[in-house]
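Reviewing the structure listed below.
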Amino acid sequence: MSQVNQNIDEREIAKFSALAARWWDAQSEFKPLHDINPLRLDYIEQKVGSLAGKKVLDVGCGGGILSESLAAKGAEVSGIDMSEAALSVAKLHLFESDLQVDYQQIAAEDFAKQHAGEFDVVVCMEMLEHVPEPYSVIQSCKELVKPDGHVFFSTLNRNPKSYLFAIIGAEYVLNLLPRGTHDYARFIQPAELSSWARRAGLEVRNFTGMSYNPFSKNYWLGSDVSVNYLAHTQPE
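Every letter in the sequence shown is one number past the one before it in our numbering, and letter 12, counting from 1, is 106.
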């Protein structure tokens, strides 16, 4: 594990590490991740095309839900995270899935120093709102991707609606997530993400929103980016 970069929040790492054993339980606190994973994967495939043979990096991979889905599509996948507990679960699950993913405990900034320009696709999902300096991660993603590659982010918008839905609704009313999962002050508006992306040398190609119906318990992608959204970017 690299100790060079300090763009980490030990409380955030501890929060997810404490839940790591339940990462692959689709009825646990991680149920929302399991539910939205097919949507995230489809979004990536729509923008990239076939993932077969592509070299893909999952930044903030956690227990490996998205990493394994990418590997199942034929991609050569690496996953990095700072939670040792989550990575242990991810590695163990490979014995069950019989897939191959190279998991490493290292910060994105340090990994970029070792693997600049190596990846066709870099994904960073539901991670930017959990680090002190999101721009630093975005910059590292740019450094890691090939000049003609693709970088994907997903995060939460910051506005009264997102506070109501993502925190009050998801954490306190519907109990979709453990209380304290998110810090509203760290939510990122699309304009802020766009600005950081441009500063890092990435051009935003698309913003797509992710919505949830608490009655049907369905998620879908669409034009509403007011709560949760995905971004597709490419090097300028």
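Even for Gly, the Cβ is constructed at its ideal location relative to N, Cα and C.
Give the C-beta separation of residue 221 and residue 102 to the nearest angstrom, bearing in mind that I take them to be a contact with Cβ-Cβ under 8 angstroms.
-> 11 angstroms between Cβ atoms; not a contact.
Note down the Cα distance separating residue 277 from residue 201, rounded to an integer number of angstroms.
-> 21 angstroms
With 16 other Cβ atoms within 10 Å as the buried cut-off, status of residue 119 | exposed
Residues near residue 174 in its chain [Cβ-Cβ closer than 8 angstroms; skip 5 each side] | 151, 152, 153, 154, 155, 197, 198, 199, 200, 201, 202, 205
For residue 181, name the three-state secondary structure that DSSP assigns.
-> helix
Leaving out five residues before and five after residue 110 in sequence, what residues of the same chain have Cβ atoms less than 7 angstroms from its Cβ?
-> 156, 177, 180
Is the Cβ-Cβ distance between residue 323 and residue 129 less than 8 angstroms?
-> no
What is the DSSP secondary structure of residue 107, reduced to helix, strand or coil?
-> helix
Three or more C-beta pairs closer than 8 angstroms, one from the region 184 to 196 and one from the region 211 to 219: is that the case here?
-> no
Please look up how many angstroms separate the CB atoms of residue 251 and residue 284, rounded, as I've assumed it's under 8 angstroms.
-> 7 angstroms
Got a sec? Which residues, its chain only, sit under 6 angstroms from residue 171 by beta carbon, not counting five neighbours each side?
-> 150, 161, 164, 165, 195
What are the residues that DSSP puts in a beta bridge with residue 297?
-> 328
Cβ neighbours of residue 310 in the same chain (closer than 6 angstroms, five flanking residues each side left out) = none
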